[in-house]
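J.: Quick note: the sequence shown, position 50, residue 50 per UniProt numbering, numbers continuous. All C-beta atoms, glycine included, are put in the ideal place defined by N, C-alpha and C.
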Amino acid sequence: MSARYHVFIVSDATGLSAETAARAALAQFDLDRRDTQLHRHVGLTSTADLPGIVREAKAKGGVILHTLATADWSKRLSTLAQEHHVRTLDLLGLTVQVFSEAFGVTPRETPSPHHRLDAAYFQRIEAMEWTVRHDDGRAQDHLIEADIVLIGVSRVSKTPLCIYLANRGCKAANVPLVPGVPVGEQIFTLPRGRVFGLTIDAQVLLEIRRNRVKQLGGSGGEYASPAAVQAELAYAEDIFRRGRFPVIDVTGRAVEETAAEIERVLERRAGRARR
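#1: Report yes if the CB atom of Gly62 is closer than 8 angstroms to the CB atom of His142, and no otherwise.
#2: Provide the residue(s) that pair with Phe8 in DSSP beta bridges, ordered along the chain.
#3: Enumerated in chain order, which unbroken segments of the alpha helix (DSSP H) with a length of 4 residues or greater are wholly contained in the segment 96-155?
#4: If you measure between the beta carbons of Ile262 and Leu177, is that distance less than 8 angstroms?
#5: Tell me the DSSP secondary structure of Arg87 in three-state form.
#6: Spell out a yes or no on whether the segment 229-249 and the segment 120-131 are touching, meaning 3 or more CB-CB pairs, one atom from each, closer than 8 angstroms.
#7: In the DSSP assignment, the beta strand (DSSP E) including Thr199 goes from what residue to what residue?
#8: Enumerated in chain order, which unbroken segments of the beta strand (DSSP E) with a length of 3 residues or greater are wholly contained in the segment 166-197?
#9: Could you check whether the segment 46-66 touches the segment 76-95, counting it as contact only if at least three pairs of C-beta atoms, one from each stretch, sit closer than 8 angstroms?
#10: Excluding five sequence neighbours on each side, which residues of the same chain lie with their C-beta closer than 7 angstroms to the C-beta of Ala102?
#11: Quick one: grab the DSSP three-state call for Val247.
#12: Is it the case that the segment 198-218 contacts the segment 156-163, given that we only count it when at least three CB pairs across the two stretches are under 8 angstroms?
#13: Please classify Asn211 as buried or exposed, where buried requires at least 16 other C-beta atoms within 10 Å of its C-beta.
#14: Just curious, the alpha helix (DSSP H) that Gln28 is in, first and last residue?
#15: Distance, Cα to Cα, Ala173 vs Ala234?
#16: So, is Ser219 buried or exposed, given that buried needs 16 or more other C-beta atoms within 10 angstroms?
#17: If you count every other CB in all the chains shown that lies within 10 Å of the CB of Ile148, and 16 or more means buried, which is it?
#18: Using the rule of at least 16 other Cβ atoms within 10 Å of the residue's Cβ for burial, across every protein chain shown, is Leu65 buried or exposed?
#19: Going by DSSP in three states, Arg253 sits in which element: helix, strand or coil?
#20: Classify Ile151: buried if its beta carbon has 16 or more other beta carbons within 10 angstroms, exposed otherwise.
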């Protein structure tokens, strides 16, 4: 089954902001995932690739979202798109324009920004490597180094959420909660506000687990039984209460939405701490 709707991500950097915006927008429509396809053209070093990208977008009836830091590159892409009747959206340019008008400052144009391996870039790389090493309860004796620790039962998106946060520069660890398996005491000694509990509707979790078992060709057993799911969620709630951890319900939420909620909680706490 080929995709019906095509979105082209064009950037002279990573394109992550455009991709995130595209996915958030697509989530507003009742579309099967198989009906949509993202085409990534990122890390561009010149405008030479732009004509081919526009032609491909036209052939597929696609839309182009771009974050090109150099105004000349952005204008070149817009001109090509107009000539070929392809819809485009300049995410970075529109944002920069609003900021410039609101703040009364002139933006600096930085050609080929992907060549600048700044501190933030290396922070993301370090965070990603650290997060992978501390996935699924590994190396819990290093949790004090974490910026964020996520705890919860199996299949509440702990790992995808940690990877997303790591890409934003956070060292994120996750620890599974399993009845009968003791939780390391270090969890309860970490600085307040560093640990977040993840919960989910029991019926939704049951369906997720059953689908997972079906994909793996197994029978499921206790893992996908209503009683086991209820018991695990109750056990997790006990841990959350004991640690007085903030709890986030991930039911029906995309990873980006959950991450945004975590960041809002952290920002509110930081604001109170500054008062």
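T.: In brief:
#1: no
#2: In DSSP, Phe8 forms a bridge with His39, Ile64.
#3: 119-133
#4: no
#5: strand
#6: With the cut-off at 8 angstroms, the segment 229-249 and the segment 120-131 do not touch.
#7: 195-199 is the extent of the beta strand (DSSP E) around Thr199.
#8: You should have 172-176.
#9: yes
#10: none
#11: strand
#12: yes
#13: Asn211 comes out exposed.
#14: From DSSP, Gln28 is part of no alpha helix (DSSP H); its letter is neither H nor E.
#15: 22 angstroms
#16: exposed
#17: buried
#18: buried
#19: The answer is coil: DSSP assigns Arg253 none of H, G, I, E or B.
#20: buried
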